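Position one of the sequence shown corresponds to residue 22 (our numbering), numbered consecutively onward. Every residue gets a Cβ at the ideal spot worked out from N, C-alpha and C, and that includes glycine. Since we're looking at a predicted model, the values are computed, not measured.
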Amino acid sequence: MTTRNHSLDTRRRRLLQGAAAGLTGASLGGVLAPLAPFTGTSAHAQGDSKRIRIGFQKYGNFVVLKARGTLEKRLASEGIAVQWLEFPAGPQLLEGLNAGAVDVGTVGETPPIFAQAGRVDFVYIGSEPPAPRGEAIVVPQNSPIRTVAQLRGKKVAFNKGSNVHYLLVKALQQAGLTYADIEPVYLTPADARAAFVQGSADAWVIWDPYLAAIERQANARTIANGEGLVRNTQYYVAARKFAATQAHVLNALLEEVNAVDSWGRENVPQVAALLSPLVGLDAATLEVALKRTGYGVQPISEATLAYQQQIADTFSALKLIPGKLSVADARWKAT
């Protein structure tokens, strides 16, 4: 390894570890259980046939899959270990993949666009059905703001490069505003919740279960969600090298996720009860979020790629990503 490459790798590890360490508090600003500190290392070469490292977020079917342990049982016969690494949001998870610490993960529709623009070498391996009601723009209950058009000149908090970034852009366009008409405040969910509750942000663009939590715990009021604006699709992504050498492991993973989804769709109260102690939210709040979730793993279709290309073109036009990119370049050609 050259000195330059070693320095770059070291910087990436420090950035990733620092991000995780900075988010070891409650992901919902005091209402979620603390995040486990990041323990991965980029010294592990992507494509290792004896281990799959899965990046997951505080909520979702990967959490259920981890709790049920079915993937571990399936892969044990091949001598393949499963390592779970927790991240606060999609952009941080994809940085983990970029740093060589993650083989596969699940993220929203916008993080892959920013990652591909940043030359992160990944492929889309599957998706969930759209869940447009699972993300929204919210304001305090006593706020005078009633419509998206009234966000002109206001401070709007959200996680830059996350799925809700695109929702905000589309909502502003529909209301006749531009991105320049608001004051974006780039914050992780924990910090954004704190800013929202303390009144230092006029609005918050956020996804479930953070959305369900702020609705139930602080009586936040929704002024727009994804319906009619965005799909809010969840994607499964993998490091390109890992996908090229471990296709059978990824297929096994997707099959197990689909099985969990099939069970979860029919057993929302049980899923909520299972997630509650892991996520740190009451089951009733989680049921609200789960009922807005899409279930069932789907292959990456031409229509899906076209939708992602629309997102890429939107952010390119806003100069939030450098130049243009071809989403199709990140399509998995499974063998």
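Residues of its chain near residue i, where Cβ-Cβ distance is below 6 Å and the 5 sequence neighbours each way are ignored
i    : result
V206 : K176, A178 and A222
L341 : none
K345 : S337
V348 : L326, Q329, Q330 and A333
T24  : With a pLDDT of 42 at T24, under the threshold of 50, the predicted position of this residue should be treated as unreliable, though the coordinate-derived value follows. So the list is empty, once near-sequence residues are dropped.
E204 : K176
G50  : For G50, the pLDDT reaches just 32, beneath the cut-off of 50, and the residue's location in the model is therefore unreliable, although a value from the coordinates is still provided. Excluding positions up to five away in sequence, the list reads A211, R214 and A215.
Q377 : Here the chain covers residues 22 to 356 and nothing more, so residue 377 does not appear.
Spatial neighbours of residue i in its chain, beta-carbon cut-off 8 Å, leaving aside the 5 residues before and after
i    : result
S283 : Y316 and G317
V275 : The sequence shown places Leu at residue 275, rather than the Val named in the question. Here the set comprises I146, G147, Y257 and V318.
V169 : I158, A192, L193, Q195, A196, L198, I244 and A245
CB-CB length for residue i against residue j, believed under 8 Å
i    : j    : result
A239 : V160 : Actually they do not touch by this definition, with Cβ atoms about 11 Å apart.
L250 : Q329 : Incorrect: roughly 16 Å between the Cβ atoms, too far for contact.
A136 : P210 : Their Cβ separation, rounded to whole angstroms, is 19 Å, which puts A136 and P210 out of contact at 8 Å.
P112 : S183 : 6 Å
G155 : D229 : 4 Å
A273 : R74  : That belief does not hold up - the Cβ atoms of A273 and R74 are roughly 15 Å apart, past 8 Å.
V226 : V185 : 4 Å
L86  : E277 : 6 Å
R237 : T314 : With 8 Å as the limit, R237 and T314 do not qualify as a contact, their Cβ atoms being about 16 Å apart.
7 Å CB neighbourhood of residue i in its chain, flanking five on each side removed
i    : result
L299 : V84 and A88
G100 : K71
V128 : G111, L114, L115, Y256 and V258
P343 : A138
L311 : V289, V292 and A293
G90  : none
T131 : G182, S183, N184, H186, Y187 and I332
Y200 : V190, L193 and L339
Identity of the residues DSSP links to residue i by a beta bridge
i    : result
F336 : DSSP output for F336 lists no bridge partner at all.
Y200 : Bridge partners of Y200: none, in fact.
I75  : W105 and V125
I158 : V226 and A245
R352 : Y145
Q319 : S148
Nearest to residue i (by Cα), restricted to the options the options
i    : options                   : result
D124 : Q104, P133, A304 and F135 : Q104
E248 : V144, A152, K71 and F143  : A152
N180 : S148, Y231 and F143       : Y231
A122 : R313, A213, A355 and F77  : F77
L13  : H186, N279, A157 and E156 : With the chain covering only 22 through 356, there is no way to say anything about residue 13.
P320 : R261, Q255 and L295       : Q255
L188 : R252, D212 and P150       : R252
L339 : D202, R352 and V281       : D202
P165 : N119, R242 and V144       : R242
N82  : L296, K354, I332 and A305 : L296
A304 : A234, R352 and E287       : A234
A260 : R140, T131, Y80 and A97   : R140
A355 : A324, V270, T335 and G285 : V270
E149 : S322, D142 and D350       : S322
K79  : L172, S98, A97 and G126   : G126
R352 : D142, A97, N119 and G285  : D142
_Please give the ranges of any alpha helix (DSSP H) in the region 220 to 278, keeping only runs that are unbroken, at least 4 residues long and fully inside the region._
231 to 239 and 261 to 266
What are the start and end residues of each continuous beta strand (DSSP E) run of 3 or more residues lying completely inside the region 77 to 154, in chain order? 102 to 107, 125 to 128 and 143 to 148
| If you scan the region 160 to 212 from start to end, which runs of the beta strand (DSSP E) of 3 or more residues do you find wholly inside it? | 176 to 179 and 204 to 207
- Message: My parser needs the alpha helix (DSSP H) runs of 4 or more residues fully inside the region 291 to 320; what are they?
- Response: 304 to 311
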